[in-house]
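Chains as they are written, first to last, in the numbering used here: chain A, 1 to 224; chain B, 1001 to 1217.
Glycine included, every Cβ here is placed at the ideal spot set by N, Cα and C.
From a predicted model like this one, the values you see are computed outputs, not experimental measurements.
Since the structure comes first, as structure tokens, the remarks are kept for the end.
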Amino acid sequence: MAAGLIDRFKTGLWRENPGLVQLLGLCPLLAVTGSFVNGLGLGLATLAVMMASNALVSATRRWIQPEIRVPIYVLIIASLVTCIELIFKAFFPDLDRALGIFIPLIVTNCAIVARAEVFASRNSVVTSIIDGLVMGSGFALLLMVIGAFRELIGQGSLFARMDMLFGGEPVRGLVLVENGWLLLVLPPGAFFSLALAIAAKNAIDRRRKDARRPLPRRARSLNR
Amino acid sequence: MTTAVSAMAERSIWSSGVTLAVIAAICASLVALTWQLTAERIEANEKEWLARSLQPALAGLFFDSPVTESMITITAPHDLPGTEDAIIYRVYSGEDPVAALFIVSARDGYAGPIRFLVGIAMDGTVTGVRVLQHRETPGMGDRIETHKSDWVLQFDGLSLRDPEPRYWAIKGDGGQFDQLTGASVTPRAIIKAIRVTLAYFEVNRDAIFAAPAEVQE
């Protein structure tokens, strides 16, 4: 079970990362990752919606006729996003203001409906929740990495305004230099950063594959 | 044969409809429940945020009524900056008016309107300027935010007598105010809007405080 779980996490965070590999949910990914705290906030919100929507879709899967499954997914996801939005407004008002329209727009994140269709509609509630956790974490982690990268290069700081999530006085975070390379904070920087992340992942995968190649042919076929 | 098929189709439409209705009801109750649990907190947050963002524009003043208590709206078109309705909060100490807090927007920013607060004391001096909303370039025009730079603080205590109106401009235009490194459009827009607001206050001061307050929910 534990080994299976680790493997599932490897799938969600790396092999089938919703953002990096499946390239789903790119709109919020590109739009809000100007800083680490924005990435973290939207990542957590998406993760929560994904787990809850997977749970609900899986729990109701026996009663849902295939013809009406898509409207039902939309209904479930839209209500959950509304709930999350209300919760953000109540408990993280500053972050809600910073993320603005992108909290309600989680509805349109196709990574969520994809998991409902591909996974939750065919699996038990517990495994579906785990799937939501794994895939949501993959998406959230990517948002955080890109957010941190853009903030670091673009503004010369890291973890600025973490108070929006944890309360307290506004903090400037770790300020390394006063001004960064602005381009990274602007929209083109989002595309560059995502491209770099995808390229880095592919490079690492290729290197690993090359490292494995010397195995004798026989052994490899047995492995399968 | 055909009737059997259509009867079956009809049954499946009905059962689909019922499923959809049941799930919709469940989802709606989920949202309603969350709203019930959060509504009070959200409202408190919004009030607090409004008060918190208005307060800094009234630095150094004594007043004992809540800032948001006495509001009037100046419907567009008006002589204030901006094309939408302007909001004025009147601030009192006891019965005496102390200051007026304007929410105006400068239309000639670099990227869309810049919405900001100007607090003006009864003698016509600026008590504070704070930007509420803008889309200026990050790293350049966005230094009009107080947590990025002190630029907007230089207006505190100034009026149309000090400096004279013609010096309400950036140094590059012959005025007395610093521009922001690499950005002159944004400061120009804000300085002009403050000057216009000050002039409006000078002319309309008594009318502003004579107008009946609007009832707020």
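1) By how many angstroms is the C-alpha of B/G1109 removed from the C-alpha of B/K1192?
2) Taking DSSP as the reference, what is the three-state secondary structure of B/P1097?
3) To the nearest whole angstrom, what separates the beta carbons of B/E1136 and B/I1170, a pair I think is in contact under 8 Å?
4) Helix, strand or coil for A/R21? Go by DSSP, reduced to three states.
5) Would you kindly work out how many angstroms separate the C-alpha atoms of B/L1153 and B/V1129, rounded to a whole number?
6) Nearest CA to the CA of A/L30: which residue from A/A203, A/L196, A/R207, A/R213?
7) Any contact of the stretch 134-147 of chain A with the stretch 21-38 of chain A, i.e. 3+ C-beta pairs under 8 Å?
8) With a Cβ-Cβ cutoff of 8 Å, do B/V1031 and A/C83 count as a contact?
9) Between which residues of its own chain and B/D1085 is the CB-CB distance below 7 Å, once the five residues before and five after are set aside?
10) Based on DSSP bridge pairs, tell me the residues matched to B/T1073.
11) I want to see whether chain B comes within less than 8 Å of A/L86, judged by CB atoms only; does it?
12) Spatial neighbours of A/S137 within its chain, please: CB distance less than 7 Å, with the 5 preceding and 5 following residues excluded, ordered by chain position.
13) In terms of alpha-carbon separation, which member of A/L184, A/R161, A/P187, A/L186 lies closest to A/V175?
14) What are the uninterrupted segments assigned as alpha helix (DSSP H) that are 4 or more residues long and contained completely in the stretch 59-95 of chain A, given in chain order?
15) If you reduce the DSSP assignment to three classes, tell me which class B/T1127 lands in.
16) Alpha carbon to alpha carbon, what distance is there between B/A1211 and A/G34?
17) Helix, strand or coil: which one does DSSP assign to B/S1065?
18) Checking contacts by CB at 8 Å: is A/E117 closer than that to chain B?
19) A/K209 touches chain B at which residues, Cβ-Cβ below 7 Å?
20) According to DSSP, B/R1114 sits in a beta bridge with which residue or residues?
21) Output, in chain order, the set of chain A residues within a Cβ distance shorter than 9 Å of B/G1141.
22) Only counting the same chain, and skipping five residues up and downstream in sequence, which positions put a Cβ closer than 6 Å to that of B/A1106?
Short version:
1) 11 Å
2) strand
3) Incorrect: roughly 15 Å between the Cβ atoms, too far for contact.
4) In the sequence as displayed, the identity of residue 21 of chain A is Val instead of Arg. If DSSP states are grouped into helix, strand and coil, A/V21 belongs with coil.
5) 7 Å
6) A/L196
7) yes
8) yes
9) T1073, I1074, T1075, A1076
10) B/I1087
11) yes
12) G12, L13, L47
13) A/R161
14) 69-91
15) strand
16) 44 Å
17) coil
18) no
19) Within 7 Å Cβ-Cβ: nothing; A/K209 doesn't reach chain B, min ~40 Å.
20) Strictly speaking, residue 1114 of chain B in this sequence is Ile, with Arg absent from that position. Answer is B/A1106, bridged to B/I1114.
21) What B/G1141 touches in chain A: nothing, since even the nearest Cβ is about 11 Å away.
22) P1081, I1114, A1189, I1190, A1193
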